[in-house]
Amino acid sequence: MRQDEEELFTSGIRKLEHLGLVEIGNLALWSVSSYKQGYGIKELREDNPFNYWQSDGPQPHYITIHFTKKVTIERLSFYLNYQIDESYTPSKLRILAGTGEHDLMEVSSKEFLEPVGWQHVFFTGIRSDNLLKCYLIKICFLANHQNGKDSHVRSIKVLSPQSQNSMRLDIDNSLGVGFTSVKLMSESTIR
């Protein structure tokens, strides 16, 4: 059972990497509405399917992800396991995004039916490229399976498309000589 859980977790991460997506959650400040001692943000952010965040208090529960600059997000991926967590497993969530708490707007919602493994929330219909651009994301856990009170979330990945500039070492080889070092490449464009 334990080995199957690890394989399910890591194979999902490999699939996301194969799609050319980059996890950018480490660039953000994370906060939660509540947590049980020993089951906080640290456990949520570890790449370990046996650790999890557990809320502690009345619903709805929140996870806020705040970036210092505007980021592009292709999807949010949640690792949930109804077989282990049962009534602690979220069944309904809403995602809000904006530049700060003052201008949050709903950008997606999702319902889960006994999920096991990676569950993805996409941002279709917001922009023509189906990407979300924001500084802040607030995930609202509205309900759990079996009317459970507290939530377990084993992992969350904030996934961005890999930029074209980071995939190649020379931008313009038409002059015959491309950049030969990462340092020159990093100083070749203006952000």
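According to full-length UniProt numbering, the sequence shown is numbered sequentially starting from 1.
Where is the CB? At the ideal position from N, CA and C, for every residue including glycine.
Here the structure is a predicted model, which means the values were calculated and not measured.
Item: So for Glu6, helix, strand or coil by DSSP?; Value: helix
Item: Within a Cβ cutoff of 6 Å, which residues of the same chain sit near Lys36, ignoring the five residues on either side of it in sequence?; Value: Gln54 and Asp56
Item: Run through DSSP, which three-state label would Gly12 get?; Value: helix
Item: In terms of residue numbering, what span does the alpha helix (DSSP H) encompassing Arg45 cover?; Value: Ile41 to Arg45
Item: Please confirm whether Leu76 and Val116 have their CB atoms less than 7 Å apart.; Value: no
Item: Identify, in the order they occur along the chain, each residue of the same chain with its Cβ nearer than 8 Å to the Cβ of Gln119, setting aside the five sequence neighbours on each side.; Value: Ser77, Phe78, Tyr79, Leu80, Lys110 and Phe112
Item: From Glu46 to Arg154, what does the alpha carbon distance come to, in whole angstroms?; Value: 9 Å
Item: In the DSSP output, which residue or residues are listed as bridge partners for Thr72?; Value: Lys133
Item: Measuring only the C-alpha atoms, how far is Ser31 from Met105?; Value: 18 Å
Item: Under 8 Å by Cβ, that's how I've got Ala97 and Cys134 pegged, so tell me the actual separation to the nearest angstrom.; Value: 4 Å
Item: What ranges does the alpha helix (DSSP H) occupy inside the stretch 142–167, keeping only unbroken runs of at least 4 residues that lie completely in it?; Value: 164–167
Item: Cα-Cα, which of Ile63, Phe50 and Lys92 is closest to Gln83?; Value: Phe50
Item: CB His66 to CB Ala28, shorter than 7 Å?; Value: yes
Item: Taking the continuous alpha helix (DSSP H) assigned at Gln59, which residues delimit it?; Value: Premise fails: Gln59 is in no alpha helix (DSSP H) and is neither H nor E.
Item: Taking the alpha carbon of Asn26 as the reference point, which residue from Pro161, Lys157 and Glu6 has its own alpha carbon closest?; Value: Lys157
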